[in-house]
Amino acid sequence: MIRARGVGRRFGEKRVLAGVDLDVGAGALLLVTGPNGAGKTTLLRLIAGLIVPTSGELEVAAGRARIGFLAHEPLVYRELTPLENLELYGRLYRVRERRERIGMLLERFGLWDARHEQTSALSRGMLQRLALCRTLLHDPELLLFDEPFTALDAAGSELLLDELAADAARTIVVASHQPERLGDRPTSRLALAPA
Amino acid sequence: MTAYLSDVVALTRKDLLVELRSRDTVPAMLLFVVGGLVVFHFALVEDVSRLASAGMLWIALLFTALLALVRSFVAEREEAVIDGLLLAPCDRSAIWLAKTLSVVAFLALAELVALPAFALFYEPVTWELVAGVALANIGIAAVGTLLGAMAAAARARELLLPLLFMPLAIPLIVGGVGATLAEDPARYLGFLALYDLIFAILSWASFEYVVTE
Numbered sequence: 001m002i003r004a005r006g007v008g009r010r011f012g013e014k015r016v017l018a019g020v021d022l023d024v025g026a027g028a029l030l031l032v033t034g035p036n037g038a039g040k041t042t043l044l045r046l047i048a049g050l051i052v053p054t055s056g057e058l059e060v061a062a063g064r065a066r067i068g069f070l071a072h073e074p075l076v077y078r079e080l081t082p083l084e085n086l087e088l089y090g091r092l093y094r095v096r097e098r099r100e101r102i103g104m105l106l107e108r109f110g111l112w113d114a115r116h117e118q119t120s121a122l123s124r125g126m127l128q129r130l131a132l133c134r135t136l137l138h139d140p141e142l143l144l145f146d147e148p149f150t151a152l153d154a155a156g157s158e159l160l161l162d163e164l165a166a167d168a169a170r171t172i173v174v175a176s177h178q179p180e181r182l183g184d185r186p187t188s189r190l191a192l193a194p195a
Numbered sequence: 196m197t198a199y200l201s202d203v204v205a206l207t208r209k210d211l212l213v214e215l216r217s218r219d220t221v222p223a224m225l226l227f228v229v230g231g232l233v234v235f236h237f238a239l240v241e242d243v244s245r246l247a248s249a250g251m252l253w254i255a256l257l258f259t260a261l262l263a264l265v266r267s268f269v270a271e272r273e274e275a276v277i278d279g280l281l282l283a284p285c286d287r288s289a290i291w292l293a294k295t296l297s298v299v300a301f302l303a304l305a306e307l308v309a310l311p312a313f314a315l316f317y318e319p320v321t322w323e324l325v326a327g328v329a330l331a332n333i334g335i336a337a338v339g340t341l342l343g344a345m346a347a348a349a350r351a352r353e354l355l356l357p358l359l360f361m362p363l364a365i366p367l368i369v370g371g372v373g374a375t376l377a378e379d380p381a382r383y384l385g386f387l388a389l390y391d392l393i394f395a396i397l398s399w400a401s402f403e404y405v406v407t408e
């Protein structure tokens, strides 16, 4: 699913990532660890296609339509309601049976009662749950999670862990400072050091 | 094509809804354009010539448009929502087209107030002026949205956008003032339409390269 050879990334003069080699097969769960500034977020953004490597080769078998990216920010409009945000993304991703899928996700992540509230009024934890709904909305083959446990309470973390185990065919890359929360789920690990 | 139009409709609806809820842009535009016309009215001597009043109107409209353009990608930038839109499998030019349409709508709303105010303080509003303003709106929104997306990625975005936009807006001012005053306004209206066509195509085609690496 993901193949990287000597992948590096610079921002101007600053080298953020260097010489990353990676082979992630379909159905694998890769845990990416490393201190702040090691390039975990940059690696996920490279895999998502939001930025391109400045050195090396990176191949990702899934196209944009098949990637779900949970970023640091929830990537939702604060002025819209959770329902309107998911409707927008559902249309852009051409999700089949969109209404049913959105309703099911809002129910599962405990946001059904808040579906008509303005997103700016949601707590940080609820925003993270909404971001998870957005990430999973189009049932992606490749999931990229950047610090997914941030702001989630115990119940939210359980929902996330359930989701990680929900589909064995899914390829998942998780960048986290809390690797212990994933237990023995990761099938491979990548420890990044500052470049 | 249907999918493309569906994306444009969804994105435009979103932009209008965001503005309706936040009321960040249009009220500021209305206050600015009316305030500008009032200030010009009191700052200048009586019996302002037709040429001067037309020029003042177009300057007021141009600066009002800048307010809309500077804010056009604020919602996407503040929460990095632009990443979410870029990840979606839709044609990225749909983002530009939707944003352009919403800027045109904001400009039209501002002009619904500005033109009667212009008639009140200066000259009667003619159909040539209305046609010129409508055509200029398209050019302003098409070019300004592209430049707004470029500037949104920069740190000094509030400075960068006017610096990039003003030179490209000069033909619009020439065409707009010409259409308002010339004996043969059709020539200037044709010029504005040609500008719109060329810059809309260029902006539509280059948006993807501006928002991605």
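Protein sequence lines correspond, in order, to chains E and C.
At position 23 of the first sequence the residue is numbered 23 (the numbering used here), and the sequence of numbers has no breaks.
At position 75 of the second sequence the residue is numbered 270 (the numbering used here), and the sequence of numbers has no breaks.
Each residue gets a CB set at the ideal place from its N, CA and C atoms; glycine is no exception.
Just so it is clear, the structure is predicted and the values come from calculations on it, not from any experiment.
Using 8 Å as the threshold, is the C-beta distance between residue i and residue j below it?
{"i": "PRO133 of chain E", "j": "LEU159 of chain E", "result": "Per the sequence shown, the amino acid found at residue 133 of chain E is Cys instead of Pro. No, they are not a contact pair."}
{"i": "VAL221 of chain C", "j": "PHE316 of chain C", "result": "no"}
{"i": "ARG9 of chain E", "j": "ILE51 of chain E", "result": "yes"}
{"i": "ALA400 of chain C", "j": "GLY327 of chain C", "result": "no"}
{"i": "PHE402 of chain C", "j": "SER288 of chain C", "result": "yes"}
{"i": "ASP21 of chain E", "j": "ALA38 of chain E", "result": "no"}
{"i": "ALA169 of chain E", "j": "GLY27 of chain E", "result": "yes"}
{"i": "GLY90 of chain E", "j": "LEU137 of chain E", "result": "yes"}
{"i": "LEU75 of chain E", "j": "GLY279 of chain C", "result": "yes"}
{"i": "ALA337 of chain C", "j": "ASP391 of chain C", "result": "yes"}
{"i": "ALA309 of chain C", "j": "LEU256 of chain C", "result": "yes"}
{"i": "SER217 of chain C", "j": "GLU117 of chain E", "result": "no"}
{"i": "LEU227 of chain C", "j": "THR259 of chain C", "result": "Looking at the sequence itself, residue 227 of chain C is Phe, so the reference to Leu does not match. Yes, Cβ-Cβ distance for PHE227 of chain C and THR259 of chain C is below 8 Å."}
{"i": "LEU190 of chain E", "j": "VAL16 of chain E", "result": "no"}
{"i": "ALA195 of chain E", "j": "ALA18 of chain E", "result": "yes"}
Could you give the residue range of the beta strand (DSSP E) that holds residue i?
{"i": "ALA4 of chain E", "result": "2-11"}
{"i": "LEU190 of chain E", "result": "188-191"}
{"i": "VAL320 of chain C", "result": "Per DSSP, VAL320 of chain C belongs to no beta strand (DSSP E) and is neither H nor E."}
Between the options, which has its C-alpha nearest residue i's C-alpha?
{"i": "MET229 of chain E", "options": "E:LEU92, E:THR119 and E:GLU87", "result": "A question about residue 229 of chain E goes unanswered here, because the residues of chain E that appear run from 1 up to 195."}
{"i": "PRO82 of chain E", "options": "E:HIS72, E:LEU130 and E:LEU70", "result": "E:LEU130"}
{"i": "GLY25 of chain E", "options": "E:ALA155, E:ALA165, E:GLU141 and E:LEU164", "result": "E:GLU141"}
{"i": "ALA364 of chain C", "options": "C:TRP291, C:ALA377, C:GLU353 and C:ASN332", "result": "C:ASN332"}
{"i": "ASP153 of chain E", "options": "E:GLN118, E:LYS14, E:GLN128 and E:THR54", "result": "E:GLN128"}
{"i": "VAL406 of chain C", "options": "C:GLU214, C:ASP379, C:ALA349 and C:LEU355", "result": "C:ALA349"}
{"i": "VAL233 of chain C", "options": "C:ALA395, C:ALA347, C:ALA314 and C:ILE335", "result": "C:ALA314"}
{"i": "PHE360 of chain C", "options": "C:LEU200, C:LYS209, C:GLY339 and C:LEU239", "result": "C:GLY339"}
{"i": "VAL299 of chain C", "options": "C:ALA377, C:MET224, C:SER201 and C:ALA381", "result": "C:MET224"}
{"i": "THR197 of chain C", "options": "C:VAL240, C:LEU341, C:ARG382 and C:ASP286", "result": "C:ASP286"}
{"i": "LEU143 of chain E", "options": "E:ASP113, E:PRO53, E:SER157 and E:ARG45", "result": "E:ARG45"}
{"i": "LEU30 of chain E", "options": "E:ASP162, E:GLU163 and E:PHE145", "result": "E:PHE145"}
Per DSSP, residue i is paired with what?
{"i": "GLY68 of chain E", "result": "E:LEU143"}
{"i": "VAL173 of chain E", "result": "E:LEU30 and E:LEU144"}
{"i": "GLU57 of chain E", "result": "E:ARG5"}
{"i": "VAL24 of chain E", "result": "E:ILE2"}
{"i": "LYS14 of chain E", "result": "E:PHE11"}
Where does residue i sit, in a helix, a strand or coil, going by DSSP?
{"i": "GLY19 of chain E", "result": "strand"}
{"i": "ARG78 of chain E", "result": "coil"}
{"i": "VAL213 of chain C", "result": "helix"}
{"i": "VAL298 of chain C", "result": "helix"}
{"i": "PHE313 of chain C", "result": "helix"}
{"i": "ASP184 of chain E", "result": "coil"}
{"i": "LEU111 of chain E", "result": "coil"}
{"i": "PRO179 of chain E", "result": "helix"}
{"i": "VAL95 of chain E", "result": "coil"}
{"i": "ALA337 of chain C", "result": "helix"}
{"i": "ALA348 of chain C", "result": "coil"}
{"i": "ASN332 of chain C", "result": "helix"}
Nearer than 7 Å: is that true of the beta carbon of residue i relative to any heavy atom of the ligand MG?
{"i": "GLY39 of chain E", "result": "Summarising the ligand content, the structure contains no ligands, and the ligand MG is consequently not present."}
Following the continuous alpha helix (DSSP H) through residue i, name the residue where it begins and the one where it ends.
{"i": "PRO366 of chain C", "result": "352-376"}
{"i": "HIS410 of chain C", "result": "With chain C covering 196 to 408 only, the question about residue 410 of chain C has no answer from this structure."}
{"i": "ASN85 of chain E", "result": "82-92"}
{"i": "VAL52 of chain E", "result": "Unbroken run through VAL52 of chain E: none, as it is neither H nor E."}
{"i": "MET196 of chain C", "result": "Unbroken run through MET196 of chain C: none, as it is neither H nor E."}
{"i": "THR259 of chain C", "result": "245-265"}
{"i": "GLN128 of chain E", "result": "124-136"}
{"i": "ARG287 of chain C", "result": "That residue, ARG287 of chain C, is in no alpha helix (DSSP H); it is neither H nor E in DSSP."}
{"i": "PHE386 of chain C", "result": "380-406"}
{"i": "LEU164 of chain E", "result": "154-166"}
{"i": "ARG108 of chain E", "result": "98-108"}
{"i": "ALA270 of chain C", "result": "269-273"}
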